[in-house]
Each structure stands twice: as structure tokens, then as C-alpha cells.
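Which chain is which? The protein sequence lines are E and G, in order. Quick note: the first sequence uses the numbering used here, first residue 3, plus one each step. Quick note: the second sequence uses the numbering used here, first residue 3, plus one each step. For each residue, glycine too, the CB sits at the ideal point set by N, CA and C.
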Amino acid sequence: MTRPMLELVGLNKRFGDLTVLHDIHLRVGQGELVFVIGPSGSGKSTMLRCCNRLEEPTSGSVLIDGADITACSPRALNKMRLNLGMVFQGFHLYPHMDAVGNVMLAQVKALGRSKDEARARALEMLDRVGLRHKSDAMPSALSGGQQQRVAIARALALDPKVMLFDEPTSALDPELVGSVLAVMKDLRTSGMTMLVVSHEMGFAREAADRVIFMDGGVIVEEGQPEAIFTNPQAERTRAFLSRVRG
Amino acid sequence: MEDFIRLFLNVEVMLRTWPLLKQGLWMTAQLCAVVIGLGLVGGLFLSFLAMAKSRWLRWPAFVVIDVLRAVPPLVLLIFIYSGLPFAGLDISPFAAVAVAFFLNNSAYYAEIYRAGIQSIPAGQTEAARATGLTSAQAMAYVVLPQAVRNVLPDLLSNTVEVVKLTSLASVVSLAELLYSANMARSLTYNSSPLVMAALIYLAFLWPLVRLVSRYQRKLAV
Ligand SMILES: Nc1ncnc2c1ncn2[C@@H]1O[C@H](COP(=O)(O)OP(=O)(O)O)[C@@H](O)[C@H]1O
Ligand SMILES: [Mg+2]
Chain E
3 MTRPMLELVG LNKRFGDLTV LHDIHLRVGQ GELVFVIGPS GSGKSTMLRC
53 CNRLEEPTSG SVLIDGADIT ACSPRALNKM RLNLGMVFQG FHLYPHMDAV
103 GNVMLAQVKA LGRSKDEARA RALEMLDRVG LRHKSDAMPS ALSGGQQQRV
153 AIARALALDP KVMLFDEPTS ALDPELVGSV LAVMKDLRTS GMTMLVVSHE
203 MGFAREAADR VIFMDGGVIV EEGQPEAIFT NPQAERTRAF LSRVRG
Chain G
3 MEDFIRLFLN VEVMLRTWPL LKQGLWMTAQ LCAVVIGLGL VGGLFLSFLA
53 MAKSRWLRWP AFVVIDVLRA VPPLVLLIFI YSGLPFAGLD ISPFAAVAVA
103 FFLNNSAYYA EIYRAGIQSI PAGQTEAARA TGLTSAQAMA YVVLPQAVRN
153 VLPDLLSNTV EVVKLTSLAS VVSLAELLYS ANMARSLTYN SSPLVMAALI
203 YLAFLWPLVR LVSRYQRKLA V
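Set out below in C-alpha cells:
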């Protein structure tokens with residue numbers, strides 16, 4: 003495998019008495035796209051949120067390009083987070099700023115870029131997601147698919163080493179899903195390291211290097227997309243796949 | 003009718019006493035600037051304390067906010083104005099009024115800010131933190147601008163209340179607008195200065211009140 007860019011080592015997460023993640027080990031190599039599936043409540047979101055410590059892991063560590071994000075000071079954490087782009091199911095664009103403002107904010111305030119530099123970079127990123135012409139639109143004037151692409155541009159503008167996607171297309175009308183997946187495919191082609199939680203099996207077949215099936219806070223099975231989808235080994239994986247295929 | 007106009011709407015008396023009222027208006031304006039300005043800042047600070055993670059900050063903040071909202075502002079004013087000298091602190095009427103109403107007003111602003119901040123979904127802060135902003139930056143650039151916009155009608159209405167509240171300062175002989183008008187009345191044996199004072203309050207506050215209504219209607223749809 004290529005150099006690991008994201009590595010979860012013995013990750014555990016409990017909410018009170020509830021164990022949500024149990025001893026998760028996962029390596030994502032440089033330029034690799036790892037695709038995560040699993041039933042609702044299996045801990046997929048929590049796993050992603052532990053990667054940038056939006057959720058504090060109970061134990062275990064998370065390494066980003068070899069650096070341990072779980073063992074750093076609050077100040078260093080803010081810097082480390084710049085290496086991890088995160089895309090949420092609900093977009094979470096800032097509704098009081100236009101598209102370019104959304105993409106500029108962290109560049110200026112967290113990276114320390116000048117406004118001009120940040121604006122140029124923001125326009126470049128909006129161009130990349132096909133929304134250069136919407137740069138001064140407010141989020142409320144954009145479709146869900148467009149909002150999600152702006153959110154991707156917002157993350158990309160910080161030059162992250164890894165991109166985390168938490169069900170990026172689940173809140174979208176079916177006809178808008180394609181535009182977001184196209185951007186993600188383009189990212190993958192350009193060599194971005196990606197950890198993607200999603201139900202878009204077609205996308206996984208085309209773009210994923212590995213698929214991971216999670217259930218009950220553990221990684222039940224992992225393998226090539228074709229192997230997992232056509233010939234799952236674990237009974238739980240089989241049950242899940244037959245359920246989502248209907 | 004003639005008598006009514008002579009005693010209440012006497013333009014000649016109004017013009018004659020205008021210089022006095024103008025001074026009072028200036029005092030009221032200064033008082034408002036101090037109380038509203040400090041109140042907006044103090045209220046924000048109190049609201050942060052009231053939402054702090056540590057209960058050792060949160061609890062005292064709640065107590066302070068509740069007490070300040072429960073005590074009538076006039077009682078607080080008299081307490082500060084006549085009580086502090088006993089503690090060896092000589093305090094001018096202006097300072098007493100400013101402190102009393104600043105305290106009272108901060109508590110109200112704090113509750114308004116808190117409602118506004120809590121109305122912003124957690125996802126906003128998370129998105130900001132995920133891009134490397136500190137919690138203070140996320141608050142300043144992402145949460146607060148939206149929160150303030152959401153509660154602007156309430157902030158404005160409270161500000162209207164503060165302006166009206168300053169007329170209580172006449173109790174400690176601070177020569178603000180109402181005090182000056184009342185003095186003019188006793189000098190001229192004519193109530194027209196009071197009517198003029200009322201008209202001045204109206205001229206300043208009516209547009210604000212209209213603005214509040216318009217905002218509330220806009221937020222409702
Ligand atoms: N902040 C929290 N407090 C308590 N329980 C939580 C919290 N966040 C998630 N959980 C629980 O953790 C489990 C996994 O949730 P999640 O990671 O969102 O699953 P998934 O994304 O796979 O649907 C669920 O049972 C959920 O109720
Ligand atoms: Mg989830």
C-alpha cells in the first residue's frame with residue numbers, strides 16, 4: 003500500500019454506557035478512496051467525526067500523514083484540522099455569506115491568506131466544482147447539489163491531505179446527486195485521499211479502491227468493491243446489501 | 003379649548019424653554035449611548051458566561067441575570083445612588099444611573115443574545131471548526147452574525163425600553179429630558195414643555211417601534 007495518509011489505530015468511542023465504536027483499525031493510503039457502508043446507527047458518522055475530533059475519541063489514535071491528531075494541544079488541533087476537509091450530509095454553508103465568502107472565510111482566518119489570495123483561490127475552487135458563475139450567490143439561492151459543491155470547494159480551498167465525506171448526497175433530490183458525484187470522481191482522479199460514507203453503490207463500484215462494511219461499531223468486512231458487492235463473506239454484510247437493494 | 007391650547011400646546015412657551023429641553027435631550031442621549039453601548043457588550047459577555055461549559059461560570063451568570071431582571075430598575079437605581087455613599091463611594095447621579103441601567107439592561111440583552119445564539123444549528127459551528135477556525139472565530143464570524151440577525155427585533159425593542167427607562171433618572175435629579183421638561187413646567191407654570199418632551203420621545207422612538215414591527219412581520223413569513 004502507498005504511504006498511509008489517514009490511519010485509525012484502536013479507535014474506541016463511548017457515549018456514556020453506549021459503545022459506538024469498538025477497536026477500529028483503518029488505513030487509507032495516499033490517493034486511495036475508501037468507501038464505508040453500513041446500517042444507520044452503526045457508527046459511520048461518529049468514526050468520521052473522531053478523525054477531526056469534532057467528537058473526542060474515548061481511546062485510540064488517529065494519524066494524519068503520520069501526525070497524531072488525538073495527542074495535540076487545542077491550538078495545534080486547529081492547524082491539524084486544515085489537513086482534513088469535511089463534507090456533511092446537510093452542507094452547513096454559512097447562510098449569511100455568498101458562495102465565495104463561504105470558501106474564503108477559513109482561508110483568511112485559519113490559514114492566514116490575504117483576502118485577494120483567498121478570493122482568487124476560492125474562485126478557482128468554485129470553478130473546479132462548476133460553480134464559478136454562482137460565486138456571488140447566497141446559499142439560499144442555490145440548489146442542494148450546488149450548495150454541496152460549494153461546501154466541497156470550501157474544504158478543498160484549504161489544500162487538505164484527506165477529504166472526509168459523510169453521506170454527501172443523502173439529502174439531495176435524485177436528479178442532483180450526479181453533479182456532486184461527478185465532482186467527487188474528479189477529485190479521485192486528481193489523486194485526493196478520500197474516506198466516503200455513502201449509499202451510492204454505483205459510485206463505489208466505479209471509484210472506490212476498497213469498501214468497508216460497518217455494523218454495531220465494528221468493521222465487519224472489507225475488500226474490493228466487486229468482491230464485497232457480489233460475494234460478501236459475512237452474513238451481516240449479505241443481509242445489509244440485500245436490504246438496501248430492496 | 004383656548005385654555006387647553008394655552009396650557010398644553012403653547013408654542014411660545016415651547017420656544018422659550020427649548021434651550022433647557024435641548025440640554026436635557028443631550029443628557030438623555032449621552033445616557034442612552036453609555037447604557038446601550040455598554041449593555042450590548044456586557045450582555046454579550048454575560049450570555050457567554052451563561053452558556054459556558056463550566057458550571058462554575060454558568061451558575062453565577064444565571065443568578066446574576068435573574069436577579070437583575072427581577073429587581074425593578076428604579077429600586078436598583080435608588081439603591082446604588084443612596085447606598086454606595088454609605089460604603090464610602092461617592093457617586094455622581096450620572097454614574098449611578100449609568101451603572102444601574104447598564105446592569106439591568108445587560109441582563110436583558112444577555113437573554114436575547116442567548117436565545118439568538120442557541121437558535122443557530124450546531125452544524126454551523128462544526129463546519130467552522132472543521133475548517134480550522136478557533137471556537138472564538140466560529141462564534142465571531144459564523145454564529146453571532148446569524149444570531150444577531152435572528153434576534154434583531156428583540157434587541158431593538160429592548161433598546162426602545164432602555165431609552166424610556168432613562169426618564170427614571172429624573173428621580174435622582176439628573177437633568178435629562180424629562181427632568182428638564184418638568185423644571186421648565188414649574189418655571190413657566192405651563193405644561194407645554196412636558197408635551198414637547200413627549201413629542202421628542204415619540205419622534206425618536208416611533209420609527210424604532212415601526213422598524214420592530216416590520217422586522218417581526220418579515221421574520222414571521
Ligand atoms: N452525541 C451523541 N450522544 C449520544 N449518542 C450518540 C451521539 N452521536 C451518536 N450517537 C449514537 O451513536 C450511534 C452511532 O451513530 P452514528 O455514528 O451517527 O451512526 P451512522 O452514521 O452509522 O448512522 C447511534 O446509536 C447514535 O444514537
Ligand atoms: Mg451518519
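Per DSSP, the continuous beta strand (DSSP E) segment holding proline 6(E) begins and ends at 6-17.
For glutamate 224(E), the closest of Ala153(E), Ser63(E) and Arg29(E) by C-alpha to C-alpha distance is Arg29(E).
For threonine 136(G), the closest Cβ of chain E is nearer than 9 Å.
DSSP places methionine 127(E) in no beta strand (DSSP E) but in the uninterrupted alpha helix (DSSP H) bounded by 117-130. Under the 9 Å criterion on CB atoms, tyrosine 143(G) is classed as interfacial with respect to chain E. At a cut-off of 8 Å, the beta-carbon of serine 42(E) counts as near ligand 2: some heavy atom of the ligand is closer than that. Inter-residue distance for phenylalanine 10(G) and serine 194(G) is about 4 Å (C-alpha atoms, whole angstroms). When C-beta distances to chain E are compared with 9 Å, every residue of the region 3-14 of chain G stays at or above that value. Contact annotation: the region 87-100 of chain E touches the region 124-133 of chain G, with at least three C-beta pairs closer than 8 Å. Distance from the CA atom of lysine 15(E) to the CA atom of leucine 86(E), rounded to whole angstroms, is 20 Å. Placement of the Cβ of lysine 166(G) at a distance of 8 Å or more from every heavy atom of ligand 2 is found.
Taking a contact to require three or more Cβ pairs closer than 8 Å, the region 3-23 of chain E and the region 63-79 of chain E qualify as touching. For ligand 1, a non-hydrogen atom lies closer than 8 Å to the CB of aspartate 168(E).
Close partners of glutamine 148(G) in chain E (Cβ separation under 9 Å): Tyr96, Pro97 and His98.
Counted as a single uninterrupted DSSP element, the beta strand (DSSP E) harbouring leucine 166(E) occupies residues 164-168. Between the region 183-203 of chain E and the region 35-50 of chain E there are three or more C-beta pairs closer than 8 Å, enough to call the two in contact.
For ligand 2, no non-hydrogen atom lies closer than 8 Å to the CB of glutamine 150(E). When 7 Å is used as the limit between beta carbons, phenylalanine 90(E) is near these residues of chain G: Gly125 and Ala129, in chain order. Residue side-chain check: lysine 81(E) keeps its Cβ at 8 Å or more from all non-hydrogen atoms of ligand 1. When the five nearest sequence neighbours on each side are left out, the beta carbons in the same chain lying within less than 8 Å of the beta carbon of glutamate 119(E) are those of Gln109, in order along the chain. Residue pairing by DSSP places valine 36(E) opposite Leu197(E) and Arg212(E) in a beta bridge. Glycine 114(E) sits exposed, since fewer than 16 C-beta atoms from the chains shown fall within 10 Å of its C-beta. About 7 Å separates the CB atoms of serine 121(G) and alanine 149(G); that is less than 8 Å, so the two are in contact. In this structure, the C-beta of serine 47(E) approaches ligand 2 to less than 8 Å from one of its heavy atoms.
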